[in-house]
Each structure stands twice: as structure tokens, then as C-alpha cells.
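This report concerns only the one structure given below.
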Amino acid sequence: MLINIELLSMYGGFTETFSPSDIIFEEGDIPEFYYQLITGSVKLSHTEEGKELIQSILNKGQSVCELLCMIEKPYPVSAIAISSGDLIKVPKAKFLKLLSEHHQPAVAVRQFAAERLYHKFILMQNNASKYSHVRIEGILKYFKSLSEDQSPYSYELPLTRKQLASITGLRIETVIRTVKKMEAEKVLKIKNRKIYF
DNA sequence: TCATTAATTTGGC
DNA sequence: GCCAAATTAATGA
């Protein structure tokens with residue numbers, strides 16, 4: 001847990017449950033709450049002309065767009081549940097008060113944000129590569145960095161090939177063919193269509 | 001459960 | 001790399 005649940009409750013936090021494809025917030029909404037996942041996972045995505053661009057996936061214990069609580073800007077992405085689970089919501093003002101009154105959570109939030117930003121930089125560099133396998137491996141590393149288990153082949157990529165294609169800017173067919181090559185090179189494994197890295 | 005839709009995969013150009 | 005067609009999986013009534 002990024003921040004202790006009891007502490008969040010003391011600052012007006014309350015829990016809500018969600019089911020797959022439930023919308024937590026939508027692109028353009030004004031942030032009013034700090035969200036922290038208790039269980040389940042959520043994707044942050046932007047949709048343009050029917051094409052989905054997934055920016056990030058958040059798992060249990062992590063916060064969702066916490067930085068947007070600190071500036072006056074609408075959400076640049078939507079948050080949509082990809083599993084069932086529950087989360088805790090804290091009104092924005094109370095959340096900021098919590099951070100100013102408690103040192104440890106403030107540090108944790110900063111570290112979490114820094115970590116995410118770091119991986120985002122690397123992701124963008126890989127994605128600029130002209131080699132399809134570099135782009136795909138970059139995504140794999142990025143998504144795996146968002147999860148807990150870091151041992152090889154243990155991470156099941158929660159993306160369809162179509163989503164992988166839209167994130168990397170590659171064609172679906174290219175993704176399929178490149179992923180197969182990468183399997184032959186033992187970079188990843190495929191078990192009934194799922195990618196393990 | 002069945003019907004419909006979406007995703008995946010292959011092959012031709 | 002692009003497009004079309006066949007196969008398979010996911011979704012919802």
C-alpha cells in the first residue's frame with residue numbers, strides 16, 4: 001500500500017468497489033479525489049478515433065493519477081477498471097492536508113511518482129526505435145516494472161496484441177510476427193496466446 | 001446458452 | 001508494409 005488505509009480513512013477516505021470496464025474517471029474530468037487501489041487493477045488510457053492508447057496500468061496498493069491532485073488540470077486520460085476490485089477515495093483537499101501533515105506518505109508518493117516517470121522516459125525512448133522488437137521489449141519492460149513479481153517469464157502481459165500494436169505504433173500483424181520471433185529467441189514465452197515476460 | 005462482436009492469425013500482394 | 005479472409009475468443013442478451 002502506498003499510503004496506509006486507516007490514515008486515508010482518517011482524512012475522509014471511503015471505499016468503493018468496481019467491476020471490469022467500470023469507469024473510475026474520464027478524460028476531461030476535473031480531479032476531485034485521490035484514488036488508491038486496495039485490490040484489482042485499472043488502466044489509464046486515451047482514446048482517439050476509436051483507437052485506444054494505454055498509458056499505464058496500476059495494480060493493487062498503487063495510487064491513480066495522484067499528481068493531478070496537485071495541479072488544476074483536467075485528467076488527460078480515463079481510468080477504467082480491468083478487473084474487479086475496490087479502491088479508496090479521498091477528497092483532494094483532505095489528501096493534500098494529509099501529505100502536509102505526514103512526512104512518510106509524502107515521501108512515498110514522491111518516490112512512486114518518480115519511479116513511474118523514470119520508466120516512462122525509457123519507454124518513450126524505446127518507442128522511438130525503428131526496430132519493432134526494441135519497441136515491443138520496451139513495453140514489456142515498462143509493464144513489468146509496474147507489477148510486483150520481477151522473476152523471468154512470470155509476468156503475464158495484460159494487453160491484447162491489438163493494444164500492444166496501438167501502444168507501439170506498430171501494425172497488429174507486425175506485433176504478432178515480431179512476438180513470435182522473440183519467443184524463438186527466448187526473450188519471452190507464449191502460453192495459449194498470452195505473453196509471458 | 002447462443003448469437004454477435006472483437007481479436008488473432010495466416011497468406012497474398 | 002497493407003489488405004482480406006478464416007479461425008478463435010470474449011461478451012452480452
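Residue 88 in UniProt numbering sits at position 88 of the first sequence; the count goes up by one each step and never skips. Note that beta-carbon positions come from the ideal geometry of N, C-alpha and C, so glycine has one too.
With Ser100 as the anchor, note down where its alpha helix (DSSP H) starts and where it stops. 92 to 101
Leaving aside the five residues before and after His102 along the sequence, list all residues of the same chain whose C-beta is less than 6 angstroms from its C-beta, in chain order. none
To the nearest angstrom, how far is it from the Cα of Ile23 to the Cα of Thr160? 20 angstroms
Quick check on the DSSP output: the beta strand (DSSP E) that includes Ser78 runs from which residue to which? 78 to 81
Below 8 angstroms between beta carbons: does that hold for Phe197 and Tyr153? yes
Start-to-end residues for the beta strand (DSSP E) that takes in Thr39: 33 to 39
Residues near Pro20 in its chain [Cβ-Cβ closer than 7 angstroms; skip 5 each side]: Ala81, Ile82, Ser83, Ser84
Per DSSP, which one or two residues make a beta bridge with His46? Leu53
Report yes if the C-beta distance between Phe112 and Ser41 is below 8 angstroms; otherwise report no. no
Since Glu16 is in the alpha helix (DSSP H), which residue starts that stretch and which ends it? Run containing Glu16: none in the alpha helix (DSSP H); it sits in the beta strand (DSSP E), 14 to 18.
Distance between beta carbons of His133 and Met182, contact taken as under 8 angstroms: 6 angstroms
Integer Cβ distance of Glu99 from Pro105, believed to fall under 8 angstroms: The sequence given here has Leu at residue 99, not Glu. Between Pro105 and Leu99 the Cβ distance is about 6 angstroms, and since that is below 8 angstroms, they are a contact.
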